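Enquirer: Following this message is one structure expressed as structure tokens.
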Amino acid sequence: MGPPGAGKGTQAKRLVDQFGMRHLSSGDILRAEKASGSELGKQLAAYMNAGQLVPDETVVGVMAKALTSGGDKAGLLLDGFPRTVPQAESLDAQLQKAGKPLDAVAVMTCDDNLIVDRITGRRSCPKCGRVYHVRSLPSKKEGICDDCGAALVQRDDDNEAVVRKRLDAYNRQTEPVIGYYRGRKGLKIVEVNGAEAADKVTAQLVAALNAAGAKR
Ligand code: AMP
């Protein structure tokens with residue numbers, strides 16, 4: 250969990266590489282539906298492009314399907330979901346039914362000004378998902394992915410006005426989810442400073458997952 254731009258996606262990719270769990274990013278799943286041009290995708294675009302959360306009912310339906318759609322021997326890493334207390338309640342119910350409770354919650358913090366800088370400079374590869382930053386992590390050739398040569402894109406919602414709205418949604422709707430999990434017996438909560446260097450953040454998350462008993 251963490252505000253937009255705290256580094257959730259970057260760290261999720263690294264953890265999946267190390268631990269082999271399945272990465273489920275609600276943002277990626279919703280963007281794929283949006284890009285498909287379906288009727289649902291058009292409805293999603295209206296919320297996403299405005300920096301608002303997609304209604305709980307819709308997200309819960311989409312994520313419930315994704316949660317059950319793969320072999321999860323090495324576990325699951327949820328990125329961007331749940332983002333509201335009702336979503337967390339519904340996830341609990343689904344995980345309880347499956348007999349697979351949450352092991353750990355990682356909370357990434359980050360200062361608002363750094364978030365705006367990170368997000369407005371963020372570019373990503375539509376083909377492989379690799380993420381760049383125009384100043385702090387540029388591709389070798391401007392606008393082209395180093396790995397697959399595709400033209401890099403900027404997300405529709407990665408501009409300052411929309412980022413401020415996404416931050417507001419995070420503070421109002423998502424932060425209470427941390428309180429919902431805090432103090433739960435057997436659930437490890439690890440807090441990391443997302444403003445620190447990515448390698449340092451990864452090391453802290455890896456140590457926490459190891460302590461929580463995750464298998465490589
Ligand atoms: P992200 O890629 O996680 O920053 O998500 C991009 C956008 O997708 C968000 O600003 C929301 O509009 C939507 N979204 C992603 N995950 C959720 C969620 N769990 N609940 C509601 N909306 C979501």
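Heads up, the working numbering is the position in the sequence shown plus 249, with the first residue counted as 1. For each residue, glycine too, the CB sits at the ideal point set by N, CA and C. On a predicted model such as this, the values are computed, not experimentally measured, just so you know.
1) Could you check where the alpha helix (DSSP H) with I364 kicks off and where it finishes?
2) By alpha-carbon positions, which one of G269, L302, A461 and A444 ends up nearest to A385?
3) Less than 7 Å between the CB of L325 and some heavy atom of the ligand AMP, yes or no?
4) Count the CB pairs spanning the stretch 366 to 382 and the stretch 405 to 417 that are closer than 8 Å, and state whether there are at least three.
5) So, M357 versus K262, is the Cβ gap smaller than 8 Å?
6) For Q345, count the other beta carbons within 10 Å of its own beta carbon; 16 or more makes it buried, fewer makes it exposed. Which is it?
7) Thinking C-alpha only, which one of V426, C374, T451 and L363 is nearest R413?
8) Measure the CB-CB distance between C374 and C394 and report whether it falls below 8 Å.
9) Report the residue from L316, G286 and E306 whose alpha carbon sits nearest the alpha carbon of Q336.
10) Roughly how many angstroms separate the alpha carbons of D341 and G462, rounded to a whole number?
11) When the Cβ atoms of the stretch 263 to 283 are set against those of the stretch 322 to 330, are three or more pairs found closer than 8 Å?
12) Any beta carbon of chain B sitting closer than 8 Å to that of D396?
Expert: The short version:
1) D361 to T369
2) Sequence inspection shows Ser at residue 385; the Ala mentioned does not correspond to that position. Nearest C-alpha to S385: A444.
3) no
4) yes
5) no
6) exposed
7) L363
8) yes
9) E306
10) 20 Å
11) yes
12) Going by chain labels, chain B is absent from the structure shown, which holds only one protein chain.
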